[in-house]
Amino acid sequence: MFKKRHPPVGSMPGTLVFGDAAQRPAIRVMKYKPGMLQEIDCENAADAHALLDDETICWIDVHGLGDEKTLREFAELFKITPLALEAVVNVPQRPKVETHDSNLLCITRMMKLTDDRIEPEQVSIFLGSNYVLTFQERPGDVFEPVRERIRMDGPIFRRSGSSYLTYAIIDAVIDAYYPILEHYGYLLETLEDAIVEKPRPALLHEVHGIKRDLLAIRRGIWPQRELINSMIRDEFALVTEHTKLHLRDCYDHAVQIMDAIETFRELCGGLMDVYLSSIGNRQNEVMKVLTIMASIFIPITFLAGIYGMNFEKMPELKNPYGYPTLLAIMAALVSSMLWWFYSKGWLGNRDN
Amino acid sequence: MFKKRHPPVGSMPGTLVFGDAAQRPAIRVMKYKPGMLQEIDCENAADAHALLDDETICWIDVHGLGDEKTLREFAELFKITPLALEAVVNVPQRPKVETHDSNLLCITRMMKLTDDRIEPEQVSIFLGSNYVLTFQERPGDVFEPVRERIRMDGPIFRRSGSSYLTYAIIDAVIDAYYPILEHYGYLLETLEDAIVEKPRPALLHEVHGIKRDLLAIRRGIWPQRELINSMIRDEFALVTEHTKLHLRDCYDHAVQIMDAIETFRELCGGLMDVYLSSIGNRQNEVMKVLTIMASIFIPITFLAGIYGMNFEKMPELKNPYGYPTLLAIMAALVSSMLWWFYSKGWLGNRDN
Amino acid sequence: MFKKRHPPVGSMPGTLVFGDAAQRPAIRVMKYKPGMLQEIDCENAADAHALLDDETICWIDVHGLGDEKTLREFAELFKITPLALEAVVNVPQRPKVETHDSNLLCITRMMKLTDDRIEPEQVSIFLGSNYVLTFQERPGDVFEPVRERIRMDGPIFRRSGSSYLTYAIIDAVIDAYYPILEHYGYLLETLEDAIVEKPRPALLHEVHGIKRDLLAIRRGIWPQRELINSMIRDEFALVTEHTKLHLRDCYDHAVQIMDAIETFRELCGGLMDVYLSSIGNRQNEVMKVLTIMASIFIPITFLAGIYGMNFEKMPELKNPYGYPTLLAIMAALVSSMLWWFYSKGWLGNRDN
Amino acid sequence: MFKKRHPPVGSMPGTLVFGDAAQRPAIRVMKYKPGMLQEIDCENAADAHALLDDETICWIDVHGLGDEKTLREFAELFKITPLALEAVVNVPQRPKVETHDSNLLCITRMMKLTDDRIEPEQVSIFLGSNYVLTFQERPGDVFEPVRERIRMDGPIFRRSGSSYLTYAIIDAVIDAYYPILEHYGYLLETLEDAIVEKPRPALLHEVHGIKRDLLAIRRGIWPQRELINSMIRDEFALVTEHTKLHLRDCYDHAVQIMDAIETFRELCGGLMDVYLSSIGNRQNEVMKVLTIMASIFIPITFLAGIYGMNFEKMPELKNPYGYPTLLAIMAALVSSMLWWFYSKGWLGNRDN
Amino acid sequence: MFKKRHPPVGSMPGTLVFGDAAQRPAIRVMKYKPGMLQEIDCENAADAHALLDDETICWIDVHGLGDEKTLREFAELFKITPLALEAVVNVPQRPKVETHDSNLLCITRMMKLTDDRIEPEQVSIFLGSNYVLTFQERPGDVFEPVRERIRMDGPIFRRSGSSYLTYAIIDAVIDAYYPILEHYGYLLETLEDAIVEKPRPALLHEVHGIKRDLLAIRRGIWPQRELINSMIRDEFALVTEHTKLHLRDCYDHAVQIMDAIETFRELCGGLMDVYLSSIGNRQNEVMKVLTIMASIFIPITFLAGIYGMNFEKMPELKNPYGYPTLLAIMAALVSSMLWWFYSKGWLGNRDN
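Residue numbers (our numbering), protein chains in the order written: chain S, 66 to 417; chain P, 66 to 417; chain X, 66 to 417; chain F, 66 to 417; chain U, 66 to 417.
The following block contains the structure:
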């Protein structure tokens with residue numbers, strides 16, 4: 066529910082807690098300028114760093130945070146301060162943007178749907194003048210369309226510098242929240258029908274789970290809105306005006322996602338109400354069956370009890386019409402009871 | 066519940082997702098100056114653009130977003146940037162106002178009542194010095210009175226430039242929320258009576274639906290308030306002082322609508338409480354019937370059981386007054402029970 | 066629940082929707098300076114306007130908004146802009162203060178208690194250098210004490226100019242909320258006692274009604290607080306420093322009223338809780354009666370049933386002490402049941 | 066619940082509503098400088114005013130607001146404006162600080178616990194260059210320690226001027242909230258135990274009462290926080306830097322008290338939940354007793370009923386082992402029922 | 066629930082309320098510069114003060130606030146003002162940062178988990194140019210890793226001055242909240258399972274307790290966030306830029322902790338809902354058992370009652386097939402009842 070890879074309390078700032086897996090980070094580089102594109106898988110940080118030159122933009126994409134040596138190498142070559150490296154490794158950090166000497170660090174939170182559960186992953190983006198360096202926790206991301214656009218060599222992308230690439234990555238992260246929202250929107254609609262149909266604790270549990278997921282999503286999107294806002298408003302030398310224009314659009318999307326989350330959370334509250342009242346109604350229904358059965362049979366059972374008594378002197382028992390008369394009286398009692406319940410609307414469907 | 070026409074995650078900014086229908090956009094132009102008015106249905110963007118001149122104001126009203134070619138033509142002729150075009154096409158966008166080079170873009174959300182359900186539609190307004198270009202998702206709008214006022218040639222309208230026309234359109238969008246609010250106000254009053262009368266899950270469902278609609282309306286009106294405020298406060302060259310004066314009025318209306326929505330939402334919460342307590346009361350009523358029936362008949366049935374036993378030595382059975390005496394005792398028991406329930410107020414109406 | 070006299074959607078700004086009644090507005094003028102006071106009932110706007118001069122203050126008080134001609138006459142003579150006139154006529158407007166050319170317009174909302182229901186009425190105040198022009202929706206207001214003070218010719222009032230008169234009117238509007246609050250405070254106290262005594266849906270309905278009224282009052286007082294604040298802070302030429310000093314006092318009252326409303330609303334929520342738990346308790350009480358009756362009689366009825374069986378070989382039936390022994394056993398069973406219920410505290414009063 | 070001594074609606078500002086009692090105000094003066102202290106009971110305002118001189122500080126403490134003449138005398142001698150006098154007399158006012166010509170007026174709200182109920186009282190403090198004039202509604206206050214400190218002639222107090230005395234008084238008012246909070250903290254703990262032990266409407270009523278008291282306290286402390294903040298931030302000539310330093314401390318206490326009130330209010334909400342669920346549990350317990358009793362005896366009573374029938378041909382009745390066999394079957398039925406309930410956990414304690 | 070060591074109401078500011086124990090404060094000093102480290106246990110304040118020199122940093126760590134004399138000695142030697150000393154001694158104070166003459170005072174709140182309960186303790190930090198003086202309420206803290214880092218003589222710590230040591234202490238305080246949050250996260254998960262499994266008031270009580278603890282933690286962390294923010298933004302001469310860089314990191318952690326607390330609090334609210342609905346479901350289950358038992362046996366018991374009557378003329382009784390026929394009818398009745406309940410889904414598991 067809440068887990069943070071953090072070093073022992075009071076450790077030196079910059080203490081790193083590396084992932085469990087000794088899994089080797091995969092390093093993929095895209096080096097491009099208008100008319101040229103190279104895609105290279107590097108072995109280590111030094112290889113990646115050697116690719117940098119002033120005429121091209123390099124996107125160095127590192128998957129996996131398990132190998133301390135590689136990460137420290139990157140830190141040294143790309144002038145990543147210890148505090149910045151800590152933010153990359155000790156996930157999850159709150160999304161934020163910070164200037165660190167020669168580069169700009171954006172911590173973002175990517176969300177993916179895996180088996181109907183959201184799976185958050187931190188993407189740390191270092192923006193330099195001629196490179197973008199991204200660190201992801203695990204293989205698998207939502208950036209394939211960004212790569213496609215680089216490959217397409219359209220009129221804008223390859224001409225627009227490293228800050229535009231950074232924008233494109235952040236935009237992909239934000240846009241990936243839309244299908245998640247649609248998924249939850251669909252879930253909520255399905256749940257509402259199911260709860261009205263047949264309220265079950267399992268459904269409530271599911272509503273509770275959705276609420277928790279929405280809280281997690283909100284906790285992710287809220288600081289990213291601030292991050293984008295900060296990139297627009299603050300005077301970061303590396304972020305061009307052209308990029309800021311596009312970030313405004315991205316900002317609007319983040320706000321729209323937050324709006325939708327708030328709406329969903331209110332709808333969850335509403336489902337809760339529907340659930341409780343459905344339970345109340347079902348209880349009423351059970352009670353009414355019991356009450357009707359008992360009210361009809363208790364009086365006539367009493368009458369049968371009366372004439373089951375063994376008093377020597379009970380004149381009705383001798384009367385040859387006693388038995389049919391009693392049966393008639395019982396029938397009349399039952400009828401009047403039924404009529405009374407009918408007039409109260411208790412015999413109708415469960416909507417009453 | 067939540068749907069957005071958005072391109073695949075990470076697509077190039079400016080990627081457009083056009084409507085399902087290949088339906089041709091309808092282009093209606095009103096060209097006017099004091100003393101002159103032309104209403105023309107154009108075939109394409111070029112025809113509409115050809116109508117512009119410096120002495121008249123043109124309102125170019127495009128219905129339907131299904132045809133990519135026409136829209137790209139408009140974008141080219143009216144210098145609409147790719148990001149702005151994306152905002153027009155990938156509906157719904159959050160309402161906002163933005164300067165794009167030579168024109169001002171206002172994204173508004175029009176709401177109409179259709180078959181008692183609200184139907185939101187995005188109206189995108191481009192304000193240029195001598196034209197207003199509006200894009201609507203579908204045919205059918207709330208602007209007929211605006212057109213009437215242009216036709217009337219009153220003392221103000223045709224003299225007041227393109228920003229006044231923009232104001233008139235926004236004002237019409239905002240004013241269209243009033244009848245919707247009245248509709249929901251009426252619905253809530255009706256529902257309250259119905260719930261007190263006879264609480265049914267269907268009614269609760271309806272309250273839930275109203276809450277959802279109110280959330281959607283609020284999500285529409287809130288950013289439009291900001292939009293209007295921004296047009297008043299920010300220094301947009303195209304918005305005249307005269308228009309700003311009128312926008313202040315429009316702003317007050319938006320605030321008033323938001324106030325009403327908040328009130329309605331609180332009333333929805335209150336209805337929920339009334340519903341739950343009504344259910345509780347009905348349950349109480351059912352329980353009381355059961356308890357009264359059982360409490361009255363169980364003791365006397367027991368007495369009848371006693372004298373139905375087959376012990377050889379039960380002196381009462383031989384007593385000729387045994388039977389009437391027992392009946393009298395039973396009658397006394399029933400009477401005292403009834404009196405007790407009456408004194409507890411359980412025999413009254415269901416208000417107890 | 067929500068009603069606004071507004072023109073058809075999209076109408077020209079300044080379109081007026083006059084009241085249903087063709088009722089003629091009553092125009093009362095008080096013209097005063099230190100040592101002089103005239104009270105005149107005018108026939109029309111021109112008569113009232115003719116009374117203005119530079120040495121006296123005129124309070125022109127118009128009751129009733131039904132007559133378009135008179136209102137348009139006032140607008141012309143007192144230089145009321147179309148937007149301002151619209152605010153006067155299309156009630157209710159959100160309270161606000163606005164400068165319109167030569168005069169200052171304050172829209173206030175007066176509340177009166179009529180038959181225990183609050184009745185809001187808009188009072189629009191135009192402040193000019195030598196006059197105050199007020200428009201009320203209906204005859205009947207809370208300004209009689211203000212008139213009395215003008216008549217008394219005290220040391221301050223007649224010397225203090227038109228802005229002081231405006232202050233006195235606003236102060237009277239705000240002060241009129243106090244008795245309303247006291248009324249609701251009294252209602253809530255009465256209701257709490259009644260709900261604890263005997264929870265009935267009718268009471269809940271009343272709580273719901275009070276909540277709705279409080280929302281309406283809050284919607285009235287909140288923007289009036291802003292109005293007064295704006296008159297204190299903003300540099301309106303017509304509002305003197307002396308008046309601002311008094312407006313600060315008035316502002317404190319508005320804040321105090323808002324505080325009280327919030328408290329009342331929280332108390333309403335508390336009453337709801339008390340209601341629900343009272344219902345729960347009553348249900349418990351009913352259930353306990355049923356359970357005790359059933360638990361005591363069901364076992365002994367069973368015993369009676371046993372010895373009512375017709376087996377040929379049941380030795381107890383032949384035993385002459387069988388019957389009294391069984392009765393003794395039954396008595397013991399009943400006693401132990403009663404003792405058990407007593408020990409659980411179920412036989413006490415309904416507080417258990 | 067809400068009561069304000071206010072003049073008729075629309076009265077002249079400055080209209081005073083004096084207390085019911087014609088009780089004479091008590092006037093106590095402490096006149097001190099380092100090394101000198103006089104405590105004098107004055108008869109009237111003139112006597113008190115005559116004690117002022119430039120070398121000493123006078124604390125003139127007036128108890129009781131019932132006597133108009135004395136108060137008007139004070140107003141005249143100490144240059145109290147009509148609006149300020151109104152704030153003193155027409156209690157309760159919202160706490161605030163205001164400059165009035167030559168003096169500074171602080172309206173504070175003192176809270177005392179009397180018979181476990183909070184009793185608010187307004188203390189109005191006029192700060193002049195060489196005097197502090199306080200008005201209290203009733204005899205009895207929380208200022209005895211302040212007087213003690215003046216009497217002690219410590220190193221700071223008598224040297225620190227009139228603003229320090231004002232601070233000491235405000236500090237005493239704020240500090241007096243701590244024991245009240247402790248009282249409510251203790252009450253809430255006791256109530257929680259009592260509610261879990263045995264939920265009763267009376268307890269709920271008490272929670273409701275505490276919530277109301279907390280609202281009242283919050284309404285008192287909140288504006289006093291603003292008051293102190295205003296004294297620190299605004300440039301009041303009479304408040305020295307040394308005093309401001311101490312007021313910062315006082316401000317922290319006010320914030321801490323507000324924090325605690327918010328916590329208490331949330332705990333009240335939690336108690337409500339505990340109460341409702343306790344009721345639900347008790348109801349469950351009652352229901353289970355009923356269900357177990359009924360489920361065990363109803364089937365065997367039915368069996369007894371079968372063999373109580375008078376059919377001529379019922380072979381079991383003739384069988385000499387019929388009776389013991391039936392008893393054995395009944396015992397088996399009861400045992401299996403008990404086992405079933407036990408396996409469902411219904412026979413355990415009420416925690417199930 | 067709420068306790069503050071505060072002096073009698075109205076006491077002189079600076080009045081100290083010392084701890085109950087006459088326990089002697091333990092004074093531990095770490096004196097270090099690059100390449101040198103001394104750890105000394107001092108007897109009194111004078112010994113500690115004598116260790117200060119311009120070339121080294123001294124961390125003087127005082128445990129225990131019970132001894133007035135020692136504390137006053139410290140106050141005198143380290144120029145601690147009476148108000149600052151009061152803040153140290155009269156715990157708990159609201160966390161804050163204040164400049165007092167030559168030193169900076171940070172009041173922080175350290176939280177430890179002891180036997181699964183949080184135990185708050187105030188740590189007061191005085192930052193001077195060449196020393197850091199900390200006061201703790203009790204022995205035992207979370208600063209051991211800080212001491213280790215000083216001992217390690219790493220590249221940064223001993224070179225970074227007294228403000229860096231202050232940062233390290235505050236960072237240790239903040240980081241110590243993470244394991245507490247993890248503990249509560251684990252508790253909440255366990256509780257949710259337990260509540261769904263078997264709702265018991267004891268669990269609810271536990272949820273209530275967690276809510277209270279979370280409130281306490283929030284009350285601790287919220288002002289510490291402000292404290293750190295103030296150290297970053299305000300121009301405190303003693304806080305270096307290098308330290309501020311690290312404080313930004315610390316600030317992010319505080320925000321992240323607050324986010325998590327809010328999420329936990331919402332989850333607590335959700336657990337409450339799950340609990341209430343679980344109770345409702347169990348009640349339903351109990352009711353269904355009762356209703357099914359009663360509905361099946363009441364009618365056939367009635368039939369048995371009929372043929373237990375002693376009417377002389379009941380032809381069925383004579384019929385040799387009467388008894389088996391009746392038994393067959395009863396079996397049919399029971400079967401149809403069971404089928405009916407089955408079709409309503411009442412015979413399934415408790416999810417219905």
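Beta carbons: idealized from backbone N, C-alpha and C, even for Gly.
None of the values given here were measured: they were computed from a predicted structure.
Whose C-beta lies closer than 6 angstroms to the C-beta of residue i among residues of the same chain, with five residues either side of it excluded?
| i | result |
| --- | --- |
| Arg283 (chain X) | Ile326 |
| Trp411 (chain X) | Lys353 |
| Tyr340 (chain P) | Ile260, Pro264 and Leu269 |
Any heavy atom of the ligand ZN within a distance shorter than 6 angstroms of the CB on residue i?
| i | result |
| --- | --- |
| Asp317 (chain X) | The model depicted lacks the ligand ZN and carries no ligand whatsoever. |
Quick one: residues in its chain with C-beta nearer than 7 angstroms to the C-beta of residue i, no 5 flanking neighbours on either side, listed in chain order?
| i | result |
| --- | --- |
| Gln158 (chain P) | Ala152, Ile172 and Gln187 |
Whole-angstrom Cβ separation of residue i and residue j, contact assumed at under 8 angstroms?
| i | j | result |
| --- | --- | --- |
| His273 (chain P) | Gly335 (chain S) | 5 angstroms |
| Val156 (chain X) | Leu81 (chain X) | Not quite, the Cβ-Cβ distance comes to about 11 angstroms (not below 8 angstroms), so this is no contact. |
| Leu279 (chain P) | Tyr249 (chain P) | 7 angstroms |
| His128 (chain U) | Pro204 (chain U) | 5 angstroms |
Can you name, in chain order, every residue of its own chain whose Cβ lies under 8 angstroms from the Cβ of residue i, other than the five neighbours on each side?
| i | result |
| --- | --- |
| Met175 (chain X) | Pro185, Glu186, Gln187, Val188, Gln201, Asp206, Val207, Val238 and Ala241 |
| Leu303 (chain P) | Asn168, Leu169, Leu192, Gly193, Ser194, Ser227 and Ser228 |
Could you list which residues in chain U have their beta carbon closer than 8 angstroms to that of residue i, in chain order?
| i | result |
| --- | --- |
| Gln187 (chain S) | The premise fails here: Gln187 (chain S) is roughly 13 angstroms from chain U at the closest Cβ pair, so nothing lies under 8 angstroms. |
| Val339 (chain F) | Pro266, Leu269, His270 and His273 |
So with CB distances below 9 angstroms, who are the chain P contacts of residue i?
| i | result |
| --- | --- |
| Asn109 (chain S) | Neighbours of Asn109 (chain S) on chain P: none; closest Cβ ~28 angstroms, over 9 angstroms. |
Which residues in chain F have a C-beta closer than 8 angstroms to the C-beta of residue i? List them in chain order.
| i | result |
| --- | --- |
| Val11 (chain U) | What is shown of chain U runs 66 to 417, which leaves residue 11 (chain U) out entirely. |
Tell whether a beta-carbon distance below 7 angstroms holds between residue i and residue j.
| i | j | result |
| --- | --- | --- |
| Ile286 (chain S) | Leu312 (chain S) | no |
| Ile215 (chain U) | Met95 (chain U) | yes |
Against residue i, what residues of chain U qualify as contacts under a CB-to-CB distance less than 7 angstroms, listed in chain order?
| i | result |
| --- | --- |
| Asn346 (chain F) | Pro266 and Ile344 |
Under 9 angstroms between beta-carbons, which chain X residues line up against residue i? List them in chain order, please.
| i | result |
| --- | --- |
| Gly205 (chain P) | Correct list: empty, because the minimum Cβ distance to chain X is about 13 angstroms. |
Closer than 9 angstroms, Cβ to Cβ, to anything on chain X: give me those residues from the segment 316-331 of chain P, in chain order.
Interface annotation for the segment 316-331 of chain P against chain X: Asp317, His318, Val320, Gln321, Asp324, Ala325, Glu327, Thr328, Phe329 and Glu331, criterion Cβ-Cβ distance under 9 angstroms.
Anything in the segment 283-317 of chain S with a Cβ closer than 7 angstroms to a Cβ of chain A? List those residues in chain order, please.
This model lacks chain A altogether; the protein chains it does include are S, P, X, F and U.
Closer than 8 angstroms between beta carbons: that is the criterion. Which residues of the segment 355-381 of chain S meet it against chain P?
So the close ones are Leu355, Thr356, Ala359, Ser360, Ile363, Pro364, Thr366, Phe367, Gly370, Ile371, Gly373, Met374, Asn375, Phe376, Glu377, Lys378 and Met379.
Would you list, in chain order, the members of the segment 137-168 of chain X that have their beta-carbon closer than 9 angstroms to a beta-carbon of chain F?
From the segment 137-168 of chain X, no residue has a Cβ closer than 9 angstroms to chain F.
What residues from the segment 106-136 of chain X come within 8 angstroms of chain F, judged by C-beta to C-beta, listed N to C?
Those residues of the segment 106-136 of chain X that come within reach of chain F (Cβ to Cβ, closer than 8 angstroms) do not exist; the list is empty.
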